[in-house]
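Undergrad: Can you read through this structure? Questions will come right after.
Protein chains: 2
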Amino acid sequence: MTISSTFGRENNQRNMDTTGEVGSFFKSAFSVDNVIFGFDGGDLKVLLIQRGQAPFKDKWALPGDLVYPNEDLNTAAERVLEQLTGLRGVYLEQVKTFGAVNRHPLGRVITVAYITLIKISNYTVTAASFAQSAKWHNIDEVGDLAFDHNEILESCLRRLKRKVRTAPIGFELLPPKFTLTELQQLYDSVLRLPKRLDKRNFRKKILSMNLLVECPEMQEGVAHRPAKLYQFDREKYGQFVNEGFIFDI
Amino acid sequence: MTISSTFGRENNQRNMDTTGEVGSFFKSAFSVDNVIFGFDGGDLKVLLIQRGQAPFKDKWALPGDLVYPNEDLNTAAERVLEQLTGLRGVYLEQVKTFGAVNRHPLGRVITVAYITLIKISNYTVTAASFAQSAKWHNIDEVGDLAFDHNEILESCLRRLKRKVRTAPIGFELLPPKFTLTELQQLYDSVLRLPKRLDKRNFRKKILSMNLLVECPEMQEGVAHRPAKLYQFDREKYGQFVNEGFIFDI
DNA sequence: AGGGTTTGGTGTGAAAATGACAATAAGTTC
DNA sequence: GAACTTATTGTCATTTTCACACCAAACCCT
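Protein chains in written order, with the numbering used here: chain A, 2 to 250; chain B, 2 to 250.
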């Protein structure tokens, strides 16, 4: 069973008996689809795979798979992510379930969409067999996707935009040590506000939260004044939340 | 097929083959469950039904049903609501999908949870056959529910608390004409903040949005000074949203 | 070495939003 | 009409937001 594989038999459920027989309800399936976000310093990216089989052969799609009968939904989403990227223990959040009757041409399949935030540098193209067909796409250059994946992507992007302002999940997209400029660029490229965030106000605000710790070392390898590096202090954040703190940018 | 009915056959999917045979994936089902919120002027309420059959016979549960093979998820949620209350066209929002392997004792069933906001006065107990077993419960007096419905209810309540502050959905719980005090009581009982909202500040804020229109008539039948009645102006809200307005209380 | 280039880093003031506060008004009941 | 109940209204201090511009520190190049 590979990710986003198709089904091995001709099977159209759509005209089934919908009245008495309860058994007829057990002829549908569910899948998970992951919207895997990454950030390369400039643009927000999403990891897509190119389908090898019909339906939608050669189209780009969100990585996903059917959920095993004895597998929890979250576990399935984690599995899909790990099979594709080799990563475990990353940020994962359920967003929405898509269940239009005709969304899958080969049967009744509803899919639960997840967003995943990974540090793009941790992703190695060689992690999975279909690596050659997996590629980062700029978030606004994804084109026509398979199934209803454009709609799913939109929903997930909206969720990300909201969530990134109200929870410190942006850090999931950055390396452990980052500069304030990098952090701000992340927010700018996720939020895409009409005006970019103001540098001074942004730094004031984020530093006033006391969630960043200054690293002793500086940025290296840049052809200009190097910036201070910071780390996000997860522990402190936990404490603050207990005290009623609400992250807000 | 009745709401929250059980399955007519012995059927345990949990030890199925999970490897090759794709057909084995088409042996699961999905359902929708509705968290129907209402407000009676004092407390936030949720409409529960008492189960007539095993499993969880006699336990209180969220109204829900299996999704028909040719039925969209939203449609199923609307159907469940209508069968129970006779209401159509009310506020409905998908919240989250629950899919733990063992959440349903009779098979693999994942469920999509919805919240629904209705005007409690519109609800007539006689609307459906199971009306006798449907009852409004105070939100903090629901006790032990069937399945994982306590968890579902918690998630949906959290969502309601957030959403009620960022979108004008509170009005869905009130009659078309309401007083500012009623509106504030609604917010107080949904949000349950450590301190109740300040009357003067609340009125200032809500009126400054210019979303309420004053009715010519006054409150009637109260043993004290009658209050002005207001209506929510949906149209204006639509315009304001287009201009970038963000509802926020 | 020095000038050019690039990004890093910082403070102030005006405007708006928030939040705490209490007295009078308009009905009803008895 | 006296007692009671809820409705209605404004001010001020504090905090937050937002717009805005210059020098500093490193590198590159010649």
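No residue lacks a Cβ here, since even glycine has one placed at the ideal position from N, Cα and C.
#1: Would you identify the three-state DSSP class for Asp-1(B), choosing helix, strand or coil?
#2: Using 8 Å as the Cβ pair cut-off and three pairs as the minimum, do the segment 69 to 77 of chain A and the segment 96 to 104 of chain B touch?
#3: Could you list which residues in chain B have their beta carbon closer than 8 Å to that of Phe-31(A), in chain order?
#4: Mind listing which residues of the segment 80 to 99 of chain A have their C-beta closer than 7 Å to chain B's C-betas, in chain order?
#5: Could you check whether the Cβ of Asn-71(B) sits closer than 8 Å to any Cβ belonging to chain A?
#6: Which residues of chain B have a Cβ atom closer than 8 Å to the Cβ of Leu-158(A), listed in chain order?
#7: Go ahead and pull the three-state DSSP assignment for Phe-40(B).
#8: Using a C-beta to C-beta distance shorter than 8 Å, which residues of chain A count as neighbours of Leu-63(B)?
#9: In whole angstroms, what is the alpha-carbon distance linking Asp-41(B) and Leu-158(B)?
#10: Report buried or exposed for Asp-141(A), applying the criterion of at least 16 other Cβ atoms within 10 angstroms of its Cβ.
#11: Can you tell me whether Asn-139(A) is helix, strand or coil according to DSSP?
#12: For the beta strand (DSSP E) containing Phe-233(B), list its first residue and its last residue.
#13: In the DSSP assignment, find the beta strand (DSSP E) that holds Ile-116(B) and state where it starts and stops.
#14: Return the residue from the list Asp-44(A), Arg-235(A) and Asp-249(A) that minimises the CA-CA distance to Asn-139(A).
#15: Could you tell me whether any Cβ in chain B is nearer than 8 Å to the Cβ of Leu-74(A)?
#16: Using the beta-carbon count (16 or more within 10 Å), is Thr-112(B) buried or exposed?
#17: For Ile-37(A), count neighbouring C-beta atoms within 10 Å of its own C-beta (all shown protein chains included) and say buried if the count is 16 or more, exposed if not.
#18: Taking the C-alpha atoms as reference points, what is the distance between Gln-95(A) and Ile-116(A)?
#19: Tell me which residue opens and which closes the beta strand (DSSP E) that Glu-173(A) is part of.
#20: Counting C-beta neighbours from all protein chains within 10 Å, is the total for Ser-122(B) 16 or more, i.e. buried, or is it exposed?
#21: For Glu-22(B), which residues in the same chain have their Cβ closer than 6 Å to its Cβ, ignoring the five residues on either side in sequence?
#22: Using only alpha-carbon positions, find the residue among Val-81(B), Thr-98(B) and Asp-145(B) that is nearest to Asp-59(B).
#23: Alpha carbons only, please: which of Gln-220(A), Phe-241(A), Leu-74(A) and Leu-63(A) is nearest the one belonging to Phe-31(B)?
#24: Should Leu-230(A) and Met-219(A) be called a contact, given that it needs their Cβ atoms to be closer than 8 Å?
#25: With a CB to CB cut of under 6 Å and the five nearest residues on each side skipped, what residues in its chain are close to Val-165(B)?
#26: Taking Cβ to Cβ, would you say Leu-107(B) is nearer than 8 Å to Pro-56(B)?
#27: So for Ile-50(A), helix, strand or coil by DSSP?
#28: Tell me the DSSP secondary structure of Ala-77(B) in three-state form.
#29: So who's on the other strand from Gln-185(B), going by DSSP bridges?
#30: What do you reckon, is the C-beta of Ala-78(B) under 7 Å from a heavy atom of the ligand COA?
TA: Taking the geometry as given:
#1: What is shown of chain B runs 2 to 250, which leaves residue 1(B) out entirely.
#2: Output reads yes: the segment 96 to 104 of chain B touches the segment 69 to 77 of chain A.
#3: Position 30 of the first sequence, counted from the start, is the residue given in the question as residue 31(A). Going along chain B in sequence order, the residues near Phe-31(A) (Cβ under 8 Å) are Ser-29, Phe-31, Gly-100 and Ile-111.
#4: Gln-95, Lys-97 and Thr-98
#5: Against the second sequence, residue 71(B) aligns to sequence position 70. Judged by the 8 Å Cβ criterion, Asn-71(B) is in contact with chain A.
#6: Your numbering for residue 158(A) matches position 157 in the first sequence. Going along chain B, no residue has its Cβ under 8 Å from Leu-158(A), so there is no contact; the nearest lies around 17 Å.
#7: Along the second sequence, one-based indexing puts residue 40(B) at 39. In the structure shown, Phe-40(B) sits in a strand (DSSP, three-state: E or B).
#8: In the second sequence, residue 63(B) corresponds to position 62, counting from 1. Within 8 Å Cβ-Cβ: nothing; Leu-63(B) doesn't reach chain A, min ~16 Å.
#9: One-based indexing of the second sequence puts residue 41(B) at position 40. One-based indexing of the second sequence puts residue 158(B) at position 157. Straight-line measurement puts the Cα of Leu-158(B) at about 17 Å from the Cα of Asp-41(B).
#10: To locate residue 141(A), count along the first sequence from 1; it is residue 140. By the 10 Å Cβ count, Asp-141(A) comes out exposed.
#11: Here residue 139(A) is taken as the residue at index 138 of the first sequence, counted from 1. Here Asn-139(A) sits in strand by DSSP.
#12: Here residue 233(B) refers to the residue found at position 232 when the second sequence is read from its first residue. Start and end: 229 to 233.
#13: The residue you call residue 116(B) lines up with position 115 of the second sequence. Element bounds for Ile-116(B): 110 to 118.
#14: Position 138 of the first sequence, counted from the start, is the residue given in the question as residue 139(A). If we check each option's Cα against that of Asn-139(A), Asp-44(A) comes out closest.
#15: Within the first sequence, the letter at position 73 stands for residue 74(A). It does; some Cβ of chain B falls within 8 Å.
#16: Stepping through the second sequence from its first residue, residue 112(B) is reached at position 111. With 16 or more Cβ atoms within 10 Å of its Cβ, Thr-112(B) is classed as buried.
#17: Counting from 1 along the first sequence, the entry for residue 37(A) is found at position 36. Per the 10 Å Cβ criterion, buried.
#18: Walking along the first sequence from the start, residue 95(A) turns up at place 94. Walking along the first sequence from the start, residue 116(A) turns up at place 115. Each residue's Cα considered, the two are about 7 Å apart.
#19: Residue numbering aside, residue 173(A) sits at position 172 when the first sequence is read from its first letter. Element bounds for Glu-173(A): n/a, residue is neither H nor E.
#20: Numbered from 1 along the second sequence, position 121 holds the residue referred to as residue 122(B). When all chains shown are included, Ser-122(B) counts as exposed.
#21: Here residue 22(B) refers to the residue found at position 21 of the second sequence. For Glu-22(B), the pLDDT reaches just 45, beneath the cut-off of 50, and the residue's location in the model is therefore unreliable, although a value from the coordinates is still provided. Here the set comprises nothing.
#22: Counting from 1 along the second sequence, the entry for residue 59(B) is found at position 58. Selected option, being the one with the closest Cα: Asp-145(B).
#23: Counting from one through the second sequence, the residue named residue 31(B) turns up at place 30. Cα-wise, what sits closest to Phe-31(B) is Leu-74(A).
#24: Residue 230(A) sits at position 229 when you count from the first residue of the first sequence. Residue 219(A) sits at position 218 when you count from the first residue of the first sequence. It is a contact, given that the beta carbons lie within the stated cut-off.
#25: By one-based count along the second sequence, residue 165(B) stands at place 164. Within the same chain, Val-165(B) has close Cβ partners Gly-171 and Val-191.
#26: Start at 1 with the first residue of the second sequence, and residue 107(B) comes out as number 106. Start at 1 with the first residue of the second sequence, and residue 56(B) comes out as number 55. Yes, these two residues count as a Cβ contact at 8 Å.
#27: Translated into positions along the first sequence, residue 50(A) becomes position 49. DSSP places Ile-50(A) in strand when its eight states are reduced to three.
#28: Within the second sequence, the letter at position 76 stands for residue 77(B). Looking at Ala-77(B) - three-state DSSP - the assignment turns out to be helix.
#29: For this step, residue 185(B) is matched to residue 184 along the second sequence. DSSP lists no partner for Gln-185(B).
#30: The ligand COA is not among the ligands present in this structure, which contains no ligands whatsoever.
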